[in-house]
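**Student:** This structure is in structure tokens; I'll ask about it shortly.
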Amino acid sequence: MAFKIPESVLVVVHTARLDVLLLERARDPGLWQSVTGAREPDDPDLEAVARRELLEETGLSVGTLSDWGVTNRYEIWPQWRARYAPEITHNTEHVYGFLVDGPAVATLDPAEHVAQLWLPWHEALEKTFSPTNREAIAQLPQRIAAARAAS
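Each residue of the sequence shown is one higher than the one before, counting from 1004 in the working numbering.
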């Protein structure tokens, strides 16, 4: 068995109106999250990881991907630790946003996700189980406001 690389991306899929796409995990019913995924040995860079995961988990490719310049380091939850080499206890996560024109129906891989929801950012914030995912969603209003001010 090949171990997972302890480096991943978190991609918040959202609209300019602050709607956020959440996915329900297949193996963990009731756990909702944004797009996530680990770096693989053949990924050239983190942007490629984000684009690959977006396509694999949602089928979405039309939108604007942006690196939010946020890196989180956290302890890997015990139930997922066996996926990593025995000495690995922490993961480094890089946060991206993916701006789409409007809520789109994602094409889900049933092995990974069983349901999807588009929610206003504050509702998505409450529904998401991951602390780093909640932090990223909480930043969305300021990021959208800053982007509008810059244009």
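Backbone N, C-alpha and C fix where the C-beta goes; we use that ideal spot for every residue, glycine too.
Trp1071 lies in the beta strand (DSSP E); which residues open and close that run?
**Tutor:** Looking at the DSSP string, the run of the beta strand (DSSP E) that includes Trp1071 is Thr1067 to Glu1078.
**Student:** Less than 9 Å separating the beta-carbons of Glu1060 and Glu1126?
**Tutor:** Not closer than 9 Å, so no.
**Student:** Answer with buried or exposed for Trp1035, where buried requires no fewer than 16 other C-beta atoms within 10 angstroms of its C-beta.
**Tutor:** When all chains shown are included, Trp1035 counts as buried.
**Student:** To which residues does DSSP link Gln1082 through a beta bridge?
**Tutor:** Paired residues: none, contrary to the question.
**Student:** Using three-state DSSP, classify Pro1044 as helix, strand or coil.
**Tutor:** Three-state result, Pro1044: coil.
**Student:** Secondary structure at Pro1009, three-state DSSP: helix, strand or coil?
**Tutor:** Reduced to three states, the DSSP call for Pro1009 is coil.
**Student:** Quick check: the Cα distance between Thr1135 and Glu1090, rounded to an integer number of angstroms?
**Tutor:** Computed Cα separation, rounded: 23 Å.
**Student:** Between Arg1086 and the rest of its own chain, which residues show a CB-CB distance below 6 Å, the 5 nearest in sequence each way excluded?
**Tutor:** These residues qualify, in order along the chain: Lys1007.
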